[in-house]
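Participant:
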Amino acid sequence: MRNEIQDIVKQIKNLENVISTSYSKMDELRNRKKELIEKLKSIREKIEEFKKNRDETNKNIVEKKKIREELNSKRKEVSQKIKELILNKKELLKLVKESESKLLNQLKELDWKQQTMSLSLEEEKRLLQKRNEIERKLLIYKQIRELEQKSLSLKELMEDLRNKANSIHNEIVMLAENSRKNHENILKLIEERKLIKHELNKINEEIESLKNTINNHKKELRELNSNYKKIMEKFMERKLEELAEETKKIFKTRMELAKRAEEKIKNGERLTFEEFMAMLSLKKESSSME
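Residues 9 to 298 (the working numbering) make up the sequence shown, in order.
Right, dumping it as C-alpha cells:
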C-alpha cells in the first residue's frame, strides 16, 4: 500500500506541475494577446490617418484638375482669339497692296507739293482725294498694328496660362504620388493587420485548448486526491488495527509476566526485571481504573 500511496503522491505532484506550467503558458499567451491588441489599435489609427490624408489629397487633386481644365479652356479660347486676329490681319492686308513706308513717302510727297507748288483747284481736289485714299490705307496699317499688339498680348496671356496649367499639372503629379504612397501604406498596414489577426486567432485557440487541458487535469487531480484520501483512510484503519493487535499482544505478555511474578513472590523466588516492571505496570493501571 505504501508503494500505491507514493505512486499517487507522485502523480499528484506531476499534475500540479503540469497545471502550473499550463497557467504560466496561458499568462504568456494573454500578455502576447494584449500586445497584439494594442498593435491592432495602433494600426487602425494609422490606417485612419493615411485614409484621411489620401482622401484629402484626392479631393485636392480633383480641385487642381478643375483649375487646370479651366486654365486650358481659357488658353484654347485665347488661342482661338489669336487665330481670329491673324485672319483679320490677313483680310486687312488684302485691302492694301503698297507697303506702309511707301504710303508714308507718298503722303510726304503730297504735303511737299501742296506746300511748294501753286496748284489749281482741280489739282488741289485731286491731291486731297489721293491724300484721303493714302490715309485710309495707313489707317488699315494702324488697325493691323493694333491687331498685332492684341495678338502679342494674347500670346503673352496664353503663355502665362500655359505656365500656370503646367505648374498646376506638376502639383497634381506630386499630389498623385503622395496619394499613391498613402494608399500603399494602407495596403501594407492591412496586410500586417491580417497577420496579427491570424496570430490572435491561433493564440485564442491555444488559450482555449489550455483551459480545456487545465480543466481535465484538475478533474484528474480531484480524482487522485479523492483516491489518495480513501487509500490513506484504509491505511490508517489498517495501522490502527495493527496497533490494537500489537497492544493486545503486549497486554497479554504483560499479564503473563505479572502472573508469573506473583507466583514467584509466593514461592519466594527472585523476579526478573521484565516480570517486576510488568507487575508494577499492572498495579498502576489497576489503581488508575479505581
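We put the beta carbon where it would ideally sit given N, CA and C, even for glycine.
Look at the alpha carbon of GLU231 and the alpha carbon of ASP35, and state the distance between them as a whole number of angstroms.
Facilitator: 26 Å
Participant: Could you tell me the distance, in whole angstroms, from the CA atom of GLN215 to the CA atom of LEU37?
Facilitator: The amino acid at residue 215 is misidentified as Gln; the sequence shows Ile. Approximately 7 Å, taken between the alpha carbons.
Participant: Can you find the residues in the same chain that come closer than 7 Å, C-beta to C-beta, to LEU44, ignoring five residues on each side of it along the sequence?
Facilitator: ILE204, GLU207, LEU208
Participant: Could you please give the first and the last residue of the uninterrupted alpha helix (DSSP H) stretch that includes MET182?
Facilitator: 129-275
Participant: Which of the three DSSP states, helix, strand or coil, is assigned to LEU101?
Facilitator: helix
Participant: Tell whether a beta-carbon distance below 8 Å holds between HIS191 and ARG76.
Facilitator: no
Participant: From ASN39 to LYS210, what distance separates their C-alpha atoms?
Facilitator: 14 Å
Participant: Apart from the five residues just before and just after ARG262, which ones in its own chain have a Cβ nearer than 8 Å to its Cβ?
Facilitator: ALA286, SER289, LEU290
Participant: Which of the three DSSP states is assigned to MET287 in this structure?
Facilitator: helix
Participant: Is GLU179 near LYS72, with beta carbons less than 8 Å apart?
Facilitator: In this structure, LYS72 lies closer than 8 Å to GLU179 by Cβ.
Participant: Out of ILE194, LYS89, ARG188, LYS172, state which residue places its alpha-carbon closest to the alpha-carbon of LEU155.
Facilitator: Answer by Cα proximity: LYS89.
Participant: Just curious, the alpha helix (DSSP H) that LEU112 is in, first and last residue?
Facilitator: Counting along the chain, the alpha helix (DSSP H) containing LEU112 begins and ends at 108-124.
Participant: How is THR65 classed by DSSP in three states: helix, strand or coil?
Facilitator: helix
Participant: Considering Cα atoms alone, identify which of LYS257, VAL104, PHE284 is closest to ILE142.
Facilitator: VAL104
Participant: Determine, using beta carbons only, whether GLN122 and LEU112 come nearer to each other than 8 Å.
Facilitator: Cβ distance not < 8 Å, so GLN122 and LEU112 don't count as in contact.
Participant: Between ILE51 and the rest of its own chain, which residues show a CB-CB distance below 7 Å, the 5 nearest in sequence each way excluded?
Facilitator: LEU197, GLU200, ARG201
Participant: Going by beta-carbon coordinates alone, are VAL86 and LEU160 separated by less than 8 Å?
Facilitator: no
Participant: Would you kindly check if the distance between the Cβ of ILE194 and the Cβ of LYS74 is under 8 Å?
Facilitator: no
Participant: Of all the options GLU131, GLU185, GLU108, LYS41, which has the alpha carbon lying nearest to the alpha carbon of LEU118?
Facilitator: GLU131
Participant: Could you pull out every residue in the same chain whose Cβ sits closer than 8 Å to the Cβ of LEU229, ignoring the five residues on either side in sequence?
Facilitator: Closer than 8 Å at the Cβ level, and outside the excluded window around LEU229, lie ILE20, LEU23, GLU24, ILE27.
Participant: Pick helix, strand or coil for ARG278, following the three-state DSSP scheme.
Facilitator: coil
Participant: Indicate whether PHE284 and ALA269 have their beta-carbon atoms separated by less than 8 Å.
Facilitator: Taking 8 Å as the Cβ cut-off, PHE284 and ALA269 qualify as a contacting pair.
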